[in-house]
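Quick note, the sequences are listed as chains G and V, same order.
Counted from 1, the first sequence has number 263 at position 263 by our numbering; the numbering is strictly sequential.
Going from the second sequence to our numbering is simple: count from 1 and add 318.
We put the beta carbon where it would ideally sit given N, CA and C, even for glycine.
It should be emphasised that the depicted structure is a prediction, and the values quoted were computed from it without experimental measurement.
Okay, so here's the structure we're looking at.
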Amino acid sequence: MRAFAYTRATDVAAAAVAGHDGGRFIGGGTNLLDLMKLQVETPAHLVDVNHLGTDGIEPFEGGLRIGAAVRNSDLAAHKVVRERYQVLSRALLSGASAQLRNKATTAGNLLQRTRCYYFYDTAKPCNKRDPGAGCAALDGFNRVHAILGGSAHCIATHPSDMAVAMRVLDARVETTARVIPIDEIYALPGATPHIENTLAPGELITSVLLPPPPSGRQIYRKVRDRASYAFALVSAAAVIDISGGKIRDARFAFGGVAPMPWRNEAAEALLRDAPANDATAETFCDALLAEAVGHGGNDFKFSLLRRTIKAVLTQAAT
Amino acid sequence: MNLAKLALRVNGRLEQREVDPRTSLLDLLREHLALTGSKKGCDHGQCGACTVLVNGRRINACLTLAVMHEGDEIETIESFAEGGALHPLQAAFVDHDGFQCGYCTPGQICSAMGMLQEWRAGMPSQVTQDLGQTEIALSAEEIRERMSGNLCRCAAYPNIVKAIAEVAERGA
Ligand SMILES: Cc1cc2nc3c(=O)[nH]c(=O)nc-3n(C[C@H](O)[C@H](O)[C@H](O)COP(=O)(O)OP(=O)(O)OC[C@H]3O[C@@H](n4cnc5c(N)ncnc54)[C@H](O)[C@@H]3O)c2cc1C
Ligand code: SF4
Ligand code: FES
Ligand code: FES
Numbered sequence: 001m002r003a004f005a006y007t008r009a010t011d012v013a014a015a016a017v018a019g020h021d022g023g024r025f026i027g028g029g030t031n032l033l034d035l036m037k038l039q040v041e042t043p044a045h046l047v048d049v050n051h052l053g054t055d056g057i058e059p060f061e062g063g064l065r066i067g068a069a070v071r072n073s074d075l076a077a078h079k080v081v082r083e084r085y086q087v088l089s090r091a092l093l094s095g096a097s098a099q100l101r102n103k104a105t106t107a108g109n110l111l112q113r114t115r116c117y118y119f120y121d122t123a124k125p126c127n128k129r130d131p132g133a134g135c136a137a138l139d140g141f142n143r144v145h146a147i148l149g150g151s152a153h154c155i156a157t158h159p160s161d162m163a164v165a166m167r168v169l170d171a172r173v174e175t176t177a178r179v180i181p182i183d184e185i186y187a188l189p190g191a192t193p194h195i196e197n198t199l200a201p202g203e204l205i206t207s208v209l210l211p212p213p214p215s216g217r218q219i220y221r222k223v224r225d226r227a228s229y230a231f232a233l234v235s236a237a238a239v240i241d242i243s244g245g246k247i248r249d250a251r252f253a254f255g256g257v258a259p260m261p262w263r264n265e266a267a268e269a270l271l272r273d274a275p276a277n278d279a280t281a282e283t284f285c286d287a288l289l290a291e292a293v294g295h296g297g298n299d300f301k302f303s304l305l306r307r308t309i310k311a312v313l314t315q316a317a318t
Numbered sequence: 319m320n321l322a323k324l325a326l327r328v329n330g331r332l333e334q335r336e337v338d339p340r341t342s343l344l345d346l347l348r349e350h351l352a353l354t355g356s357k358k359g360c361d362h363g364q365c366g367a368c369t370v371l372v373n374g375r376r377i378n379a380c381l382t383l384a385v386m387h388e389g390d391e392i393e394t395i396e397s398f399a400e401g402g403a404l405h406p407l408q409a410a411f412v413d414h415d416g417f418q419c420g421y422c423t424p425g426q427i428c429s430a431m432g433m434l435q436e437w438r439a440g441m442p443s444q445v446t447q448d449l450g451q452t453e454i455a456l457s458a459e460e461i462r463e464r465m466s467g468n469l470c471r472c473a474a475y476p477n478i479v480k481a482i483a484e485v486a487e488r489g490a
């Protein structure tokens, strides 16, 4: 690990100033330190943002304001989240391990970096780690990689489960500068995969805002190589309102398939007022996957995603 | 090298050290305080061998910096036995043969301690059917899921589950 200076910030303003001067924020540290040990990340200054008073969960405009430093385990166990935002509770509980969730923060989870194995391996070319070096995944092992939203420069996925649930719930992210819809904090790779978010230097995430939950059944379904303590190959967060065999409204967000929690509202519109059956699911999947690209190792994600969507719709209808 | 001053409580004792900010909590315990019960399996949050309790909650000591724990209360496996008498969790691991090589065991036991506290506090897990419920029956399935952050290369899992189930039932 490279040497760095460490500062424990004690208020939001001081943290933002330190961040603006080149400091890197550290929350739980479960992603950043992992990458620093491998020298994939080499910050010269760490600013500890665990003591800014941003660790509360409070009612906000009929929904919730979730502090940036709230631990994933506390958020999953929070009474209101368990009652009204079950998809979020389920997504959080499906991620990592209890020990990691006790440390991981809301903001850190949103901004965690990809698990692409070439990104982690400093002996391999990776445009995200080393812009212009090339991408070892395109012609390499790309089983865990993206089928949607990738580019000729990078096909890494965003690994978070929590962010997928927050996306389907139309969460907004509050920073020291602005409030933006959650999808707008992420940047697609394009020709600049090293730029993963739209935050300015020193822009600190202070909370995540959840509007009142949409009506309907909330489901999180995660498919992976083992039953626990593994990242998603494909995951789906859904809120589905069905009555009399007909879909009144359905929202889906997906993990494991794209560089950010993926949602396609135009495809969702095809679900409205359609019968809750496999044929409807197929129509939705066709639209969702219209621009998807496989790279060999991850081709199975097309059928896995289709089956996951059918399973979720079936679960919602029963 | 810039050193940082650090004061924290470990197993009830105030410890003050000057450390390189890069020092993980795990390395502080093992290398600076000679508490080698907590193990380094992967050093990347992937195995749970380094599990300790910080302010009563279980975390991976390898993925956190010592300097981030100024003023915190740390408990390691060394604090479990009292006056030569094994802690009920330790005794149950012995009774049920909950290990083979023993490398993962300190992490398993610290993790089980944190897990039982989470369970008593009504915290749910991925396999909890009804999220509205806070009195959750600690089935074998619940124990396995809640302990999934602790790998055992010797695969002593069935007996680890039995040991923890027994302690949970007795309310220790
Ligand atoms: C073995 C293992 C298995 C895992 N499995 C899963 C899984 O199945 N599903 C899943 O979703 N995740 C999984 N994770 C990832 C885990 O969820 C993340 O490591 C964690 O959520 C990151 O949160 P943190 O607070 O520790 O972030 P940190 O490591 O502290 O920070 C991550 C990033 O966020 C930035 N940051 C932190 N706070 C702020 C802020 N307030 N404002 C702006 N920027 C900020 C940091 O600068 C850094 O770039 C796993 C991790 C490990 C090690
Ligand atoms: S997919 Fe992205 S992160 Fe992975 S090697 Fe290619 S450029 Fe790097
Ligand atoms: S050594 Fe910490 S999790 Fe493996
Ligand atoms: S007893 Fe050997 S690793 Fe668990």
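In or out: residue i buried (at least 16 other Cβ within 10 Å) or exposed?
i      : result
K323/V : exposed
E436/V : buried
C419/V : exposed
V47/G  : buried
T314/G : exposed
N320/V : exposed
S243/G : exposed
D345/V : buried
G401/V : exposed
R488/V : exposed
A9/G   : buried
Nearest by alpha-carbon distance to residue i: which of the options is it?
i      : options                           : result
A137/G : P201/G, D249/G, G149/G and H153/G : H153/G
G63/G  : S303/G, V257/G and R84/G          : R84/G
T30/G  : L351/V, L346/V and N378/V         : N378/V
K301/G : Q315/G, A316/G, C285/G and L313/G : C285/G
A250/G : P212/G, I219/G, G67/G and K79/G   : I219/G
Y117/G : N50/G, L38/G and D55/G            : L38/G
V372/V : M465/V, E336/V, L326/V and E487/V : L326/V
I208/G : E58/G, R65/G and L32/G            : It is worth fixing the name first, because residue 208/G is Val in this sequence and not Ile. V208/G has its Cα closest to that of R65/G, out of E58/G, R65/G and L32/G.
V498/V : V445/V, H414/V, G440/V and D448/V : The question about residue 498/V has no answer, for chain V in this structure spans 319 to 490.
Q334/V : I454/V, V370/V and E388/V         : E388/V
A258/G : A276/G, T198/G, G190/G and G140/G : G190/G
D214/G : N197/G, P193/G, T192/G and A238/G : The residue asked about is misnamed: residue 214/G is Pro in this sequence, not Asp. Considering only alpha carbons, the answer is A238/G.
Y186/G : I195/G, V179/G and R178/G         : I195/G
L449/V : F141/G, Y120/G and Q86/G          : Q86/G
I180/G : M166/G, T192/G and T318/G         : M166/G
Y120/G : S151/G, G150/G and A156/G         : A156/G
N277/G : A267/G, A311/G and V293/G         : A311/G
Q274/V : R82/G, M1/G and F254/G            : Nothing about residue 274/V can be read from this structure; chain V reaches only from 319 to 490.
Which residues in the same chain have their Cβ closer than 6 Å to the Cβ of residue i, if we skip the five residues on either side of it in sequence?
i      : result
R115/G : P159 and F231
G416/V : A474, N477, I478 and A481
G355/V : T394, I395, E396 and P424
A69/G  : N50, T54, D55 and T105
A76/G  : S89, L92 and L93
G95/G  : D161
P211/G : G63 and D170
G67/G  : T54, D55, G56 and S207
A5/G   : H45
Ordered along the chain, which non-local residues of its own chain (more than five positions away) have a Cβ less than 7 Å from that of residue i?
i      : result
T176/G : V12, A16, E203, L204 and T206
V80/G  : L64
R375/V : G432
T283/G : L270
If you drop the 5 nearest sequence neighbours on each side, which residues of the same chain put their C-beta closer than 8 Å to that of residue i?
i      : result
L304/G : V223, L233 and V234
H20/G  : P201 and G202
A483/V : L456, A458 and I461
Please look up how many angstroms separate the CB atoms of residue i and residue j, rounded, as I've assumed it's under 8 Å.
i      : j      : result
G22/G  : N50/G  : Rounded, the Cβ-Cβ distance is 20 Å, inconsistent with contact.
A236/G : I309/G : 6 Å
D161/G : L92/G  : 7 Å
K246/G : D273/G : 6 Å
P261/G : V164/G : 4 Å
N264/G : A279/G : Rounded, the Cβ-Cβ distance is 19 Å, inconsistent with contact.
D34/G  : L381/V : 6 Å
I240/G : R217/G : 5 Å
Between residue i and chain C, is any beta-carbon pair separated by less than 8 Å?
i      : result
E436/V : Looking at the structure shown, chain C is missing, and the protein chains on hand are G and V.
**Prompt:** Is the segment 455-469 of chain V close to the segment 349-366 of chain V, with three or more CB pairs under 8 Å?
**Reply:** Taking one beta carbon from each stretch, the segment 455-469 of chain V and the segment 349-366 of chain V have 3 or more pairs nearer than 8 Å; the two touch.
Checklist entry - Can we say the segment 449-459 of chain V touches the segment 419-428 of chain V, given the rule of at least three CB pairs closer than 8 Å? => result no
Quick check: the segment 400-413 of chain V against the segment 342-351 of chain V, are at least 3 beta-carbon pairs closer than 8 Å?
no
For this session: Could you say if the segment 32-52 of chain G and the segment 83-99 of chain G meet the contact criterion of at least three C-beta pairs nearer than 8 Å?
Result: no
Touching by the beta-carbon criterion (3+ pairs, under 8 Å), the segment 169-185 of chain G and the segment 124-135 of chain G = no
Exercise. At a cut of 8 Å, does the segment 141-157 of chain G reach the segment 287-301 of chain G through at least three beta carbon pairs?
Worked result: yes
Note to self: Taking 8 Å as the cut-off, does the segment 388-408 of chain V touch the segment 328-343 of chain V (at least 3 CB pairs, one atom from each stretch)?
What the structure shows: yes
Those residues, in chain order, that have a beta-carbon closer than 6 Å to some heavy atom of ligand 6 | This structure does not include ligand 6; its bound ligands are ligand 1, ligand 2, ligand 3 and ligand 4.
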